[in-house]
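Step one of this worksheet: look at the structure below.
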Amino acid sequence: MAAPFFVTASGTDIGKTLVTATLCWQLRERGRKVTALKPIITGFREDDPENDTAVILRSCGLKSTPELVRTISPWRFRAPLAPNLAAAREDTAIEFENVVSFCKSHAALDTDVLLAEGAGGVMAPLDNHHTMLDLMELLDWRVILVGGSYLGSLSHTLATLEVLRTRGLVVAALIIIESEQSRVTLDETAAGFGALVTANIPMIKLPRVRNQAEPWKHQPNISWICA
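Right under this line is the structure:
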């Protein structure tokens, strides 16, 4: 049985894919067998080599072929919107039960670690009745929460942690990624949480890696999260 983790964030465009790709790369470098999923992706362009699904596949040592893209991202939408809105733009809807079944079906695979990356933030709507949080609650996998260092991140991240706690979800780690053009430094943001993040939740700071084609290869070691 795989050790399953769900990678989520306090909002959109925070850095979930960087974390997922970093974990995939580092775990594979250490001889671990990894399966990664991005069940729902919005803002998807098949010809964009830097779309989230393509990045995840490359970090797993795989080519971004149409077949593999379909395999790990069955729900793909062009509009860069919340999943329910992006689906509506294409006159369709996401069947929540199918997403749950898709994720659960991978938990029994012959792999050491299973990573599933969400779309948007914790409360991103999947349909008119369910959010990403509802999916996470049904899966009941350990959560890797990604936050930023932008002004306002403290409130957003603490609110997200509280929501996860009320649903009984275990947070394996809180990863704070340096936000671009932020007035607040990464160190200031981490220090700003004070004792509001409990000691049993490891907090990791990831600096923004610049001028690197594959930034996930140049991050500090975070693979121990999935030990």
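Residues 149 to 375 in our numbering are what the sequence shown spells out, letter by letter.
Think of the CB as a built atom: it goes at the ideal place given N, C-alpha and C, for glycine as much as any other residue.
Check, Outcome
"C-alpha distance - alanine 267 paired with glutamate 177, whole-angstrom precision", "26 Å"
"7 Å Cβ cutoff met for proline 152 and alanine 255", "yes"
"Extent of the continuous beta strand (DSSP E) run through alanine 264", "261 to 265"
"Histidine 277 burial status per 10 Å Cβ neighbour count (16 or more: buried)", "exposed"
"Sequence-distant residues of the same chain with beta carbon closer than 7 Å to valine 203, five excluded per side", "Thr165, Ala169"
"Validate contact between the region 276 to 294 and the region 311 to 321 using beta carbons, cut 8 Å, 3 pairs", "yes"
"Counterpart residues of valine 294 in DSSP-defined beta bridges", "Ala157, Ile323"
"Beta-bridge pairing of alanine 151 - partner residues as DSSP gives them", "Val261"
"Continuous beta strand (DSSP E) assignments of at least 3 residues falling wholly in the region 155 to 225", "182 to 185"
"7 Å Cβ cutoff met for serine 297 and leucine 334", "yes"
"Expected contact under 8 Å - CB spacing of leucine 274 and asparagine 246 to nearest Å", "Their Cβ separation, rounded to whole angstroms, is 10 Å, which puts leucine 274 and asparagine 246 out of contact at 8 Å."
"At least three beta-carbon pairs within less than 8 Å, the region 154 to 161 to the region 343 to 355", "no"
"C-alpha distance - arginine 331 paired with glutamate 265, whole-angstrom precision", "28 Å"
"Beta-carbon separation (whole angstroms), leucine 263 vs methionine 284, contact threshold 8 Å", "With 8 Å as the limit, leucine 263 and methionine 284 do not qualify as a contact, their Cβ atoms being about 13 Å apart."
"Whole-number beta carbon distance between threonine 190 and proline 228, since they are thought to touch under 8 Å", "6 Å"
"Counterpart residues of threonine 305 in DSSP-defined beta bridges", "In DSSP, threonine 305 forms no bridge with anything."
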